[in-house]
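Enquirer: Shown below is the structure under consideration.
In the working numbering, the protein residues as written are 9 to 307.
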């Protein structure tokens, strides 16, 4: 495990080869440094669940029953955490990444997985430039047969009493037992982020559809705004707000806004829910950019 520090004159970032994590990310849009991602605890343990952000590869979230049928073949997955019966968020966030290249303001990492049913090579490139931070995540199918792949990120953002989110969507998935998506329906008013809206102070664990790939978060207390853009524009995101029933240590101090290339449990949807079928040797990639600035009058 190694930490990698990259920075611009307005951004500073700590990456970790353990999990390919963005461990810490801070910006200086004005006179003081501010956390863009949830600050991690002190110590040497690079637990991805304590990080600022981790990659989702070869796909995001869960597959119901840890099984799916693709190309007339049934595939099974095994749980990869002790607390969830599902194979969760892929392998990249739990693996050891290799440093391919690094400089003062940018770094590249890679990760190869030779398991079942997925075999692939993932890459990440990070760059700090002024008040802009960009992450590019890619995956190449190293297996001998076509397989459905997806990409995404799992950022943890600071949550303050007046934090707002704007991220327009046209539909969302209700939740059922096992933290699984249930029914795709219209977005309820309390979760409609077509315009800036405060985050609910209750359990939220839902996927959203029909996103345009751009979002913004405002922290009025810090008079700071974060713009998020994905390219090519991703059409899905996942929103998570914890509670003390799930996590007794939760203090309403973070939320997760997760850009995703596909729907959760897309493997079991008729159209694969946006997953991309990659032939052997074929790859795909997507990028996520953060642009930090001042929020005028806290808005």
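For glycine and all other residues, C-beta sits at the position ideal for the given N, C-alpha and C.
Rounded to a whole number of angstroms, what is the C-alpha to C-alpha distance between residue 127 and residue 65?
Expert: CA-CA distance, residue 127 to residue 65, rounds to 11 Å.
Enquirer: Only counting the same chain, and skipping five residues up and downstream in sequence, which positions put a Cβ closer than 6 Å to that of residue 230?
Expert: 42
Enquirer: Would you identify the three-state DSSP class for residue 101, choosing helix, strand or coil?
Expert: helix
Enquirer: Can you list, in chain order, the residues of its chain whose CB lies under 6 Å from that of residue 239, leaving out five sequence neighbours each side?
Expert: 295
Enquirer: Around the Cβ of residue 203, are there at least 16 other Cβ atoms within 10 angstroms (buried) or fewer (exposed)?
Expert: exposed
Enquirer: Under a Cβ-count criterion, where at least 16 other Cβ atoms within 10 Å of its own Cβ denotes burial, should residue 90 be classed as buried or exposed?
Expert: exposed
Enquirer: For residue 217, write down the residues that DSSP places opposite it in a beta bridge.
Expert: 179, 244
Enquirer: When the Cα atoms are used, what is the spatial distance from residue 6 to residue 257?
Expert: Beyond the ends of the chain as shown, which are 9 and 307, falls residue 6; an answer cannot be given.
Enquirer: For residue 306, which of helix, strand or coil comes out of DSSP?
Expert: Note that residue 306 scores a pLDDT of 44, beneath 50, so its modelled location is shaky and nothing firm can be said.
Enquirer: DSSP state of residue 85, grouped into three classes?
Expert: coil
Enquirer: For residue 58, which residues of its own chain have a beta-carbon under 8 Å away from its beta-carbon, when the five flanking residues on both sides are left out?
Expert: 48, 49
Enquirer: Would you mind sorting residue 77 into buried or exposed? The rule is 16 or more other CB atoms within 10 Å of its CB.
Expert: exposed
Enquirer: Output the residue ranges of the beta strand (DSSP E) runs that lie fully inside the region 243-302 and measure 3 residues or longer, sorted by chain position.
Expert: 244-249, 262-268, 284-286, 291-302
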